[in-house]
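Heads up, the thing below is written out as structure tokens.
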Amino acid sequence: MAAPSLSPPASVTVRVQAEDFDTAAEIEALSTGRTDIGAVVTFSGLCREEKGQLAALELEHYPGMAEAEIRRICEEAVTRFDLQGATAIHRFGRIDPGARIVLVIAASTHRQAAFDGASFIMDYLKTAAPFWKKEHLKDGTARGWVSAKDADDTARDRWTRG
Amino acid sequence: MREVRLVYFAWVRERIGVGDEIVSLPDTVVTARDLIAFLKTRGEDYEAALEHENVIRVAIDQEHVEHDEPLGSAREIALFPPMTGG
């Protein structure tokens, strides 16, 4: 009797970096050489300019824990949604309006798990990955630290209800 | 007494005025909540940073914990505001 064919192990890639990233290259890296992936969902978070006043965001992070926490979240998502792979990249430092801040990619056999996996990773990343945004305005002043939103806690909590 | 490394981020760091420091903790400091109460006795900057202590998040050796968590043999304890990444 032939041994059952085994899928390659799920791949989890996590990076915390100042540099920009290439979304297409990251999708390619996650899916190349595999034929068991049927769905790839990507989420890109961009620096949004509100009312034309924002000069830049400054993203502070907790080196070490930021990577570790995002990895914990991605591994939980892989287990929970049976993903074939997950990639999460988060930038720190100065980010200009329109620039990329975060990338999440979830790969799975079918689309629903990929959508859910990407959503789960983002909901936990926003509330549990140690990053903080500070706004710098065009008039040279710092408006201050962005406040955490209750809506983000609510979005996260839907994964633990019932 | 025992020494631990404390690290601060975002407005907690700005209000305290340093990003990290080594602090000797009295034996009466058992939990994260005790640590916050102890730090608030260290001066106005600490009081301002930790005034609303329920919103302060704590990580021990780079893992999130609740305020009632015993510090145990923690090497690094971080205090910071709710996170706003993503």
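Chains as they are written, first to last, in the working numbering: chain P, 1 to 162; chain E, 163 to 248. For glycine and all other residues, C-beta sits at the position ideal for the given N, C-alpha and C. Computed from a predicted model, the values in this text were never measured in an experiment.
Quick one, are the C-beta atoms of Leu233 (chain E) and Asp196 (chain E) less than 9 Å apart?
The residue labelled residue 233 (chain E) in the question sits at position 71 within the second sequence. The residue labelled residue 196 (chain E) in the question sits at position 34 within the second sequence. Yes, these two residues count as a Cβ contact at 9 Å.
For the beta strand (DSSP E) holding Ser11 (chain P), just list the boundary residues, first then last.
Mapped onto the first sequence, residue 11 (chain P) falls at position 11. That run of the beta strand (DSSP E) goes 11-17.
Exposure of Thr159 (chain E), with buried meaning 16 or more beta-carbon neighbours within 10 Å:
The structure shown has nothing for residue 159 (chain E), since chain E only spans 163 to 248.
Going by DSSP, name the residue or residues bridged to Ile239 (chain E).
Here residue 239 (chain E) refers to the residue found at position 77 of the second sequence. For Ile239 (chain E), which the question treats as bridged, DSSP gives the partners E:Leu168, E:Ile222.
Whole angstroms are fine: how far does the CA of Leu137 (chain P) sit from the CA of Arg72 (chain P)?
Residue mapping note: residue 72 (chain P) aligns to position 72 of the first sequence, counting from 1. Residue mapping note: residue 137 (chain P) aligns to position 137 of the first sequence, counting from 1. Going by the C-alpha atoms only, they are around 34 Å apart.
Which residues mark the beginning and the end of the beta strand (DSSP E) in which Asp182 (chain E) is found?
For the purposes of this step, residue 182 (chain E) is identified with residue 20 of the second sequence, where counting begins at 1. Where Asp182 (chain E) is concerned, the enclosing beta strand (DSSP E) stretches over 182-187.
For Ala172 (chain E), which residues in chain P fall below 8 Å Cβ to Cβ?
Start at 1 with the first residue of the second sequence, and residue 172 (chain E) comes out as number 10. Under a criterion of Cβ atoms nearer than 8 Å, the residues of chain P adjacent to Ala172 (chain E) are, in order, Glu60, Trp132, Lys134, Trp145.
With a threshold of 16 other CB atoms inside 10 Å of the CB of Arg91 (chain P), please say whether the residue is buried or exposed.
Here residue 91 (chain P) refers to the residue found at position 91 of the first sequence. So Arg91 (chain P) counts as buried.
Quick one: does Glu19 (chain P) have its CB under 9 Å from some CB of chain E?
Counting from 1 along the first sequence, the entry for residue 19 (chain P) is found at position 19. Chain E contact via Cβ: absent.
Measuring CB to CB, does Leu212 (chain E) end up less than 9 Å from Val185 (chain E)?
Here residue 212 (chain E) refers to the residue found at position 50 when the second sequence is read from its first residue. Here residue 185 (chain E) refers to the residue found at position 23 when the second sequence is read from its first residue. Taking 9 Å as the Cβ cut-off, Leu212 (chain E) and Val185 (chain E) do not qualify as a contacting pair.
Apart from the five residues on each side of it in sequence, which residues of its chain come closer than 7 Å, Cβ to Cβ, to Ile95 (chain P)?
The residue labelled residue 95 (chain P) in the question sits at position 95 within the first sequence. Cys47, Ala56, Leu57, Leu59, Ile101.
Chain E beta carbons: is any one of them nearer than 9 Å to that of Gly45 (chain P)?
In the first sequence, the residue the question calls residue 45 (chain P) occupies position 45. The beta-carbon of Gly45 (chain P) is placed less than 9 Å from the nearest beta-carbon of chain E.
My parser needs the beta strand (DSSP E) runs of 3 or more residues fully inside the segment 79-156 of chain P; what are they?
85-91, 93-95, 100-108, 131-137, 142-145
Report the residue from P:Asp116, P:Ala118, P:Lys126, P:Phe81 whose alpha carbon sits nearest the alpha carbon of Glu69 (chain P).
Here residue 69 (chain P) refers to the residue found at position 69 when the first sequence is read from its first residue. Comparing Cα positions, the closest option is P:Lys126.
Note the first and the last residue of the continuous alpha helix (DSSP H) segment covering Glu206 (chain E).
For the purposes of this step, residue 206 (chain E) is identified with residue 44 of the second sequence, where counting begins at 1. 206-211 is the span of the alpha helix (DSSP H), which, as asked, contains Glu206 (chain E).
Return the CA-CA distance between Ala148 (chain P) and Pro244 (chain E), expressed in angstroms with no decimal places.
Within the first sequence, the letter at position 148 stands for residue 148 (chain P). Within the second sequence, the letter at position 82 stands for residue 244 (chain E). So the two alpha carbons sit approximately 6 Å from each other.
Contact between the segment 117-126 of chain P and the segment 11-29 of chain P: three or more CB pairs below 8 Å?
no
From the DSSP output, read off the bridge partner residues of Ala56 (chain P).
Here residue 56 (chain P) refers to the residue found at position 56 of the first sequence. Bridge pairing for Ala56 (chain P): P:His136 [DSSP].
Below 9 Å between beta carbons: does that hold for Ile239 (chain E) and Leu168 (chain E)?
Position 77 of the second sequence, counting from 1, holds the residue named residue 239 (chain E). Position 6 of the second sequence, counting from 1, holds the residue named residue 168 (chain E). It is a contact, given that the beta carbons lie within the stated cut-off.
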